Amino acid sequence: MLIDNEQRRDASQYSRVFRKGTLVQETRYTEKQILYGMYECWCDAMGTDSTFDAETRVDLHMKADELWDEIDLADIFYRFEKQFDFDCTLEEWDQELGLGFGGPFLSVEEWERDVAPKFTFGAIARFIQKRAINTVSFEPVTVIHRECGPAGAFYGIEQLFGKLPYEERFGPSTKIIDVLRGRNLNRFWSELWWRTEFAIPRLSNSWRDIDGWGCLIGGLAIVAAIPISILTENYLYLFVMAVFAFATWYIALLWQYWTNPLPPELQTFRDLAVLIAEHNCDAVRKNV
Numbered sequence: 000m001l002i003d004n005e006q007r008r009d010a011s012q013y014s015r016v017f018r019k020g021t022l023v024q025e026t027r028y029t030e031k032q033i034l035y036g037m038y039e040c041w042c043d044a045m046g047t048d049s050t051f052d053a054e055t056r057v058d059l060h061m062k063a064d065e066l067w068d069e070i071d072l073a074d075i076f077y078r079f080e081k082q083f084d085f086d087c088t089l090e091e092w093d094q095e096l097g098l099g100f101g102g103p104f105l106s107v108e109e110w111e112r113d114v115a116p117k118f119t120f121g122a123i124a125r126f127i128q129k130r131a132i133n134t135v136s137f138e139p140v141t142v143i144h145r146e147c148g149p150a151g152a153f154y155g156i157e158q159l160f161g162k163l164p165y166e167e168r169f170g171p172s173t174k175i176i177d178v179l180r181g182r183n184l185n186r187f188w189s190e191l192w193w194r195t196e197f198a199i200p201r202l203s204n205s206w207r208d209i210d211g212w213g214c215l216i217g218g219l220a221i222v223a224a225i226p227i228s229i230l231t232e233n234y235l236y237l238f239v240m241a242v243f244a245f246a247t248w249y250i251a252l253l254w255q256y257w258t259n260p261l262p263p264e265l266q267t268f269r270d271l272a273v274l275i276a277e278h279n280c281d282a283v284r285k286n287v
């Protein structure tokens, strides 16, 4: 059970107890944790929510979503590196996964026989596991001689918050929306979502993607204005549509910033910590 005093005081108290009483060391992710992170990254990059597991072949999964002929694998690998904060060369990916990027051209038969069966999401996860370091833990910690799951989850939230470019301090009773809004909330929630193996509900698509829709509508307006301006030789159309595009994007950002997309039962950091602590996943187990 979290100790709930004044917000600033309890935030510093938890940090002090946890850092002195429990040493959270850098550890490797489990394969399962990496697959969750890969899925979050995959959905964001591909615009699809098709699920996969460790045994799923990457080529068949992409073909099912009609992405195989459109997506560069090097770009996917780069996104995974950014997601898990490590760097390596394309040659290292190739050597580990045996894709034959730098070797002789493979025929369709050779690809299907020798490469594709081994090119699975699990193989990618195991490659990442060798290189990525996990510095965020939601494991229970000892507070006043008692093991406390919510306290450990709260400390994990603090650790994750510290990895992001924020300076605000908060305690368990602090309302999340008072500290995080708009894009910052979206980024934090997305990171927490996969690190806790989907222990928390995902924010609505309409809220998460509103700025993208604003950009799309504004961009379409400008595209439509260009031929009209050329045909009429009146570039006022283009200017008006440019202003409209900026206004649409900016209004979308304001709407995202000032609205609260959080579920009613998850309004404070305490609510988050309790929910995460009750979730049965690798992130909250001792000695992962």
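Its first residue numbered 0, the sequence shown is counted upward by one per residue in numbering that gives the first Met the number 0. Ideal Cβ positions, reconstructed from N, Cα and C, are used throughout, including at glycine. Quick caveat, the model's predicted, so the values are computed rather than measured.
Through-space distance from residue j to residue i, alpha-carbon basis
{"i": "asparagine 259", "j": "alanine 150", "result": "25 Å"}
{"i": "tryptophan 206", "j": "serine 106", "result": "45 Å"}
{"i": "glycine 170", "j": "aspartate 64", "result": "43 Å"}
{"i": "tryptophan 193", "j": "tyrosine 35", "result": "5 Å"}
{"i": "arginine 269", "j": "phenylalanine 153", "result": "7 Å"}
{"i": "isoleucine 70", "j": "aspartate 93", "result": "17 Å"}
{"i": "arginine 168", "j": "arginine 180", "result": "14 Å"}
{"i": "tyrosine 249", "j": "cysteine 214", "result": "9 Å"}
{"i": "serine 136", "j": "lysine 62", "result": "36 Å"}
{"i": "cysteine 87", "j": "glutamate 80", "result": "8 Å"}
{"i": "isoleucine 123", "j": "glycine 46", "result": "20 Å"}
{"i": "leucine 202", "j": "glutamate 232", "result": "46 Å"}
{"i": "tryptophan 257", "j": "valine 283", "result": "32 Å"}
{"i": "asparagine 279", "j": "aspartate 52", "result": "18 Å"}
{"i": "methionine 37", "j": "leucine 230", "result": "48 Å"}
{"i": "valine 178", "j": "histidine 144", "result": "31 Å"}
{"i": "aspartate 48", "j": "aspartate 68", "result": "18 Å"}
{"i": "isoleucine 216", "j": "proline 263", "result": "31 Å"}
Residue i versus the options, residue with shortest Cα-Cα distance
{"i": "aspartate 84", "options": "Asn133, Trp110, Val273", "result": "Asn133"}
{"i": "alanine 276", "options": "Thr195, Gln94, Glu232", "result": "Thr195"}
{"i": "leucine 271", "options": "Glu146, Lys62, Leu191, Glu111", "result": "Leu191"}
{"i": "arginine 125", "options": "Asp281, Asn185, Glu54, Gly46", "result": "Glu54"}
{"i": "phenylalanine 160", "options": "Glu138, His144, Arg186, Val283", "result": "Arg186"}
{"i": "glutamate 111", "options": "Asp177, Pro263, Leu59, Val178", "result": "Leu59"}
{"i": "asparagine 204", "options": "Asp177, His144, Leu261, Val178", "result": "Leu261"}
Cβ-Cβ separation, residue j to residue i (assumed contact under 8 Å), whole Å
{"i": "valine 57", "j": "threonine 119", "result": "7 Å"}
{"i": "threonine 267", "j": "isoleucine 156", "result": "Not confirmed; about 11 Å, so no contact."}
{"i": "tryptophan 254", "j": "isoleucine 209", "result": "6 Å"}
{"i": "alanine 332", "j": "tryptophan 212", "result": "With the chain covering only 0 through 287, there is no way to say anything about residue 332."}
{"i": "aspartate 281", "j": "glutamine 32", "result": "5 Å"}
{"i": "glycine 121", "j": "glutamate 30", "result": "7 Å"}
Chain-order list of residues whose beta-carbon lies under 7 Å from that of residue i (same chain, five-residue window excluded)
{"i": "leucine 274", "result": "Ala198, Ile199, Leu265"}
{"i": "tyrosine 28", "result": "Gln128, Ala131, Asn133"}
{"i": "alanine 73", "result": "Leu89"}
{"i": "arginine 78", "result": "Cys40, Ala44"}
{"i": "glycine 97", "result": "Val114, Lys117"}
{"i": "serine 228", "result": "Tyr234, Tyr236, Leu237"}
{"i": "leucine 66", "result": "Met45"}
Close-in-space but distant-in-sequence residues of the same chain around residue i (CB under 6 Å, 5 per side omitted)
{"i": "threonine 50", "result": "none"}
{"i": "phenylalanine 76", "result": "Trp92"}
{"i": "glutamate 95", "result": "Phe126"}
{"i": "glutamate 146", "result": "Pro139"}
{"i": "alanine 244", "result": "Gly217, Ala220, Ile221"}
Beta-carbon proximity list for residue i, same chain, < 8 Å, skipping 5 on both sides
{"i": "leucine 163", "result": "Asn183, Arg186, Phe187, Glu190"}
{"i": "glutamine 158", "result": "Val23, Thr134, Val135, Ser136"}
**Message:** Quick check: the stretch 30 to 47 against the stretch 107 to 118, are at least 3 beta-carbon pairs closer than 8 Å?
**Reply:** no
**Asked** Is the stretch 212 to 220 in contact with the stretch 234 to 244, if contact means three or more CB pairs nearer than 8 Å?
**Response** yes
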